[in-house]
Every structure is written in C-alpha cells, then in structure tokens.
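K.L.:
Its first residue numbered 9, the sequence shown is counted upward by one per residue in the numbering used here.
Even glycine gets a Cβ: it sits at the ideal position worked out from N, Cα and C.
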Amino acid sequence: MQAKPRAPQEIELKLEVAPSELEKVLAHPLLREGTDGSMTQTLHSIYFDTPDYALQQAGISLRVRRNGDRRIQTIKAARFPDGVALARNEWEHEVDSDSPDYTLAENTALKPHLEQSDLIQPLFCVTTERTRHNVSFNSSIIEVAADRSNVEGKDQTVPYSELELELKDGTPGDLFRLALALTTATPLRLSFKTKAGRGFEATSSRERPTSVKAPAVVLKRKMKSAEAFHAIGASCLQHLMANEAIVRHAPEADAVHQMRVALRRLRAAITLFKAVVADERRDPIRAELKWMANLLGEARDLDVYITKVLEPARDEHSRDEDYQKLLAEYQERRDRAYEVVQEAIASPRFINGTLEAAAWIQVGDWLVDGSKQARKRRDQLVALLAEEELGRRWKKIIKRGKNLEELDPEERHQVRIEIKKLRYATEFFESLFKGGGAKKRKRAALSILEALQETLGELNDIAVGSHMEASSTADAIHQEQLFRIDGLLAEAKAQYQKLAALEPFWRT
9 MQAKPRAPQE IELKLEVAPS ELEKVLAHPL LREGTDGSMT QTLHSIYFDT PDYALQQAGI
69 SLRVRRNGDR RIQTIKAARF PDGVALARNE WEHEVDSDSP DYTLAENTAL KPHLEQSDLI
129 QPLFCVTTER TRHNVSFNSS IIEVAADRSN VEGKDQTVPY SELELELKDG TPGDLFRLAL
189 ALTTATPLRL SFKTKAGRGF EATSSRERPT SVKAPAVVLK RKMKSAEAFH AIGASCLQHL
249 MANEAIVRHA PEADAVHQMR VALRRLRAAI TLFKAVVADE RRDPIRAELK WMANLLGEAR
309 DLDVYITKVL EPARDEHSRD EDYQKLLAEY QERRDRAYEV VQEAIASPRF INGTLEAAAW
369 IQVGDWLVDG SKQARKRRDQ LVALLAEEEL GRRWKKIIKR GKNLEELDPE ERHQVRIEIK
429 KLRYATEFFE SLFKGGGAKK RKRAALSILE ALQETLGELN DIAVGSHMEA SSTADAIHQE
489 QLFRIDGLLA EAKAQYQKLA ALEPFWRT
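Here is the structure:
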C-alpha cells in the first residue's frame, strides 16, 4: 500500500487528570463553545518491541492503531527536549493488518533496528475512548484529546485518564496558555509520560525504580541563551515529575530526595539565567519552587538523621531501651512527614504550580520583552554566558573556602550551597566543553565538587543533629558524632585544595 506520511514532528502537551474530574474539563466553556464540535471514538493500539525492550531503550515506539476500519502504523522517536512540550519525530502510514509493515520503516528511526525485526512482537494493548475537540485559541489551532484508557498486558489492566493538547497550527506557547485556562475547571498535572511509556511501566516484569536521576542536558555552543534555558528547564521539570509520580504511589526516600534535587536545580538554573529571564513572574515562580522544596524538607531531614546518625549507632546501643524508643519515635515522625508530602503533592497548589512554572519557562513575558537589552540577553550565545557564570562561581568558592576549617557550621553550610550551585551549573553546561583536555578537567572538577559537597553535607548533618530532640541517648549519639568532625574537616580541606589546584575546564 502506498505510504501516506504525515509531518515528521509532533508537538504536544500531556496533562494527567483524575478520571472523576475529566467531565469537568470537557464542560469548560473553551471546549464547549470555542470549538467546531467534539467527536468521540474508540482506539485500539498494539505496541511492539523486542523481549528486552530494545526499541524503548532507544527512545522509539512502534504501534499499530485500529480506528474503525482503518489501521495506522506509527513510529515515534524521542528527541532531546528543547522545551517543556513533548517534541517527537513521528512517521505514520496506513497498513493492511494489525502487524507492522517494515517496508514502510526504511526512512524512519526504526531502520537501525530492522535487522532484529524477527524479535519484535506485540507486548501490550492500549484501548482508549477519546473525545476530540479542535480549539481555535489565540492564533493557533489546538487539538484537545480527552482520553480514558486501559493498558492491557498479559497479567493486568491499568486504567488512566489524560488530556493531550496537540498543536495543529500556530505557536507552541498557546498549548500552555490553553492548559492554564483549563485549570479553572480542575487541577491538571504536567506529565511527560507517553502512552508507550505507561504501557511499558505497567506491563514490564522489571522492578520499578525507587527514584529517577536527572536526564542529561545537551546544549550546543551556538545555541542562544533563551533556547538553552528552555532545554535546562525542561530537563529539571522532567526530573521532578518522574520522581513525583513515584512518591505519589509510594513514599520512597530516594525519590523525595531527587524531587528536592530537581527543584534545587531548577531554582539554580533561574539564578544562572536571571538576567535572561527577568520579568515580573521570575521571583514569584522561584519562591513557589522554594515552597515546594520546603514541603519535602522535614521528611528528607528526618530520613538523613535516621540513616546517617541513628541507624549507624545501632550496634553500640543495641541493648539500650532508650535508643530503641528514640529510633521508633523518629521513624514514626518520618512516616508522618511522608504522609504530609503525599498530601502536599496532591494539592491544587502543587499541581497547578508545576504547570505554571512550565508555562513561564516556555512562554513567559521574559521572551517577549522588546527592549534592546532584553533581546541582547536572550540572544547571547550560551557558551559565553556559561564561561562568565562558571568563572564567577568558581572564584567565589575558591575565595570563601580558603579557611574552611575555621568557618562556623553555618558558614560552611553556605560554602556547601555555593558548591551545589557550581556543580549544577557544571552539569548544565558540560556538553559545551569537549575540546582539548576540557572533558578530562570537567570530570575531575565534578568528581571533586561531588566529594566536597558530600563531606560538607556530613558536617552539616552533625550540626543539624545537635538541634534534634534532647535525651540522654540522643546526646550520647551526638557526642559520638562530634568525634568525627576533625577528620571530616581535614578531608574537606584536602578536597578543597585539589579543587583550587585544578585548571578551570571552560578555558580553552
């Protein structure tokens, strides 16, 4: 059958919504009155991969979707996000059966995997009842698809509902403006999960992750600063929401920690690019991100105190009844703190706050400030901004850390915060510096920064422990921790000296 390929790129925004709330969204005036009517259809999609998920690991999905008498084969390939909306390369062809036609995949991302096409098999199905609206919004045409879906694997069926806002014509910014307008009906949770991703998650026999680390940021030296901030912001939000999904279902300590890291990274990115993203919403957005991080703080602090201080003292105090009571008390406090976290991330403030942050990153007023100075900041090459910011932060740490062992705990904590900021900046910009010995120097810098941050973190944990609830057992454990301070300070001093001796990697 002759191929009928569609445009190779798809730009869409995904939003999770509780099944019970979907009707509220569909009743919104923008969908009731601002459209050319709605259409409801049932879609039956079969997703294919190898038994070891080779396509998924390569960022590729392959499906055949049945819609009435038609069958459409779709291949999608993930691209590195240059913004918060999902942007994927996509190839569609009409086919004759529920099985893939590999002759239509020659000019697609699937081509490198065709040698193992005999291993590709159906893994799961997704049945979706989709209500579709075409909305005229500002200068754009946006397809709003409200989906009630069931992922059907060999052993289980998993239901979920979501909105997909797909740009048919116009500007990506209108996707976010429409999404924010729809939140007046019910909270809409920003999502980076594709249907294929949900299917693999629901049907895979692999153990579910207890946390997700930050995805790599890939920048180019000739990229403008505004474009770089879009990419970094998208990476931070993807990191945040991947771990939020884990915490929502189970209070995993590592996922809570990674949520805090994601929020810190995003706040650090806003500070790095503060001149580029200057507008009236910048500081309120940053403050809201800090509120989110503070929600997670007590649970994380209690977890650190239990795992780094109380549990290591178990052997020494195994027969101490007061120790057992103290440990049980802190474990109970931690459990309560995690309950608070789960309630908070389910709140409208948190859910809408992440979407508002995404909208500001993608289409904030900072992008349309027409002044000459604002345009100059947005258009500055990110490589130049990176060199300036890395140099400034490096000098600040070298200066503040000279007499590290003489600083009080709060001053050391401030040095640690600056080290975190430099480390995050280095991770954001590391793809810009590859020539000569830059890569080797960069790895050395990251290794030392990570080690120094860890050592100063242990010193801070000891300082925080002194403010924990007093008891004879707690005091005894704290005294044991105090004996570690001199050794940790010596270790931190040696790490600082190694850092100060390094040649900055961004200088070519």
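1) How close, in whole Å, do the beta carbons of D373 and R289 come, if the pair is a contact with beta carbons under 8 Å?
2) Determine the DSSP secondary structure at R229, reduced to helix, strand or coil.
3) If distances are taken between C-alpha atoms only, which option among R275, W368 and P59 comes closest to L183?
4) Here's a check: name, in chain order, each residue in its chain whose Cβ is nearer than 6 Å to the Cβ of E296, leaving out the five neighbours to either side.
5) Kindly indicate the opening and closing residues of the beta strand (DSSP E) around Y168.
6) In the DSSP output, which residue or residues are listed as bridge partners for T7?
7) I'd like to check one pair, E260 with S199: are the Cβ atoms closer than 8 Å?
8) Is it right to say F491 is buried, meaning 16 or more other beta carbons lie within 10 angstroms of its own, or is it exposed?
9) For S107, collect the residues of the same chain with a Cβ closer than 8 Å to its Cβ; drop the 5 residues on either side in sequence, then sort them by chain order.
10) For the beta strand (DSSP E) containing K84, list its first residue and its last residue.
11) Could you say which of A26, V312 and E20 lies nearest to I359 if we only look at CA atoms?
12) State the DSSP-derived secondary structure class of I128, mapped to helix, strand or coil.
13) Taking a contact to mean a Cβ-Cβ separation below 8 Å, would you say Y504 touches G409 in this structure?
14) Out of T315, P356, R327 and I353, point me to the one whose CA is closest to R342's CA.
15) DSSP three-state call for L70: helix, strand or coil?
16) If distances are taken between C-alpha atoms only, which option among N468, R385, R138 and A382 comes closest to V423?
17) Buried or exposed for V348, going by 16 or more other Cβ atoms inside 10 Å?
18) How many Å lie between G181 and L21 at the Cα?
19) With 16 as the cutoff for other CB atoms within 10 Å, does G241 come out buried or exposed?
20) So, for A276: in the same chain, excluding its five sequence neighbours on each side, which residues have a beta-carbon less than 6 Å away from its beta-carbon?
21) At what residues does the alpha helix (DSSP H) containing R420 begin and finish?
22) What would DSSP say about H36, mapped onto helix, strand or coil?
23) Assign S46 to one of three DSSP states: helix, strand, or coil.
24) Which two residues bound the contiguous alpha helix (DSSP H) that contains R308?
25) On the DSSP bridge list, what partners appear for W99?
26) Bridge partners of S212, per DSSP?
27) Answer with buried or exposed for N146, where buried requires no fewer than 16 other C-beta atoms within 10 angstroms of its C-beta.
28) For Q332 and D323, what's the separation of their Cα atoms in angstroms?
29) With H, G and I counted as helix, E and B as strand and the rest as coil, what does DSSP make of V152?
30) What is the residue span of the beta strand (DSSP E) that L198 lies within?
31) With distances taken from CA atoms, which of V390, I425, I19 and I485 is nearest D177?
32) So K404 and E426 are supposed to be a Cβ contact under 8 Å. How far apart are they, rounded?
33) Let me make sure I understand the geometry here. Which of S243, E215 and F237 has the alpha-carbon closest to that of A224?
34) For the segment 102-120 against the segment 52-70, do three or more pairs of beta-carbon atoms, one drawn from each stretch, fall closer than 8 Å, so that the two count as touching?
35) Find the nearest neighbour of E235 within the set L393, A210 and E137, judged by alpha-carbon distance.
P.N.:
Reading from the atomic positions:
1) 7 Å
2) coil
3) W368
4) G361
5) T165 to D177
6) It is not possible to answer for residue 7, since the shown part of the chain is limited to 9 through 516.
7) no
8) exposed
9) V72
10) R78 to A86
11) A26
12) coil
13) yes
14) T315
15) strand
16) N468
17) exposed
18) 10 Å
19) buried
20) K429 and Y432
21) P417 to F437
22) coil
23) strand
24) R290 to Y313
25) I83
26) Answer is none; S212 lacks a bridge partner.
27) exposed
28) 11 Å
29) strand
30) R197 to S199
31) I19
32) 6 Å
33) S243
34) yes
35) L393
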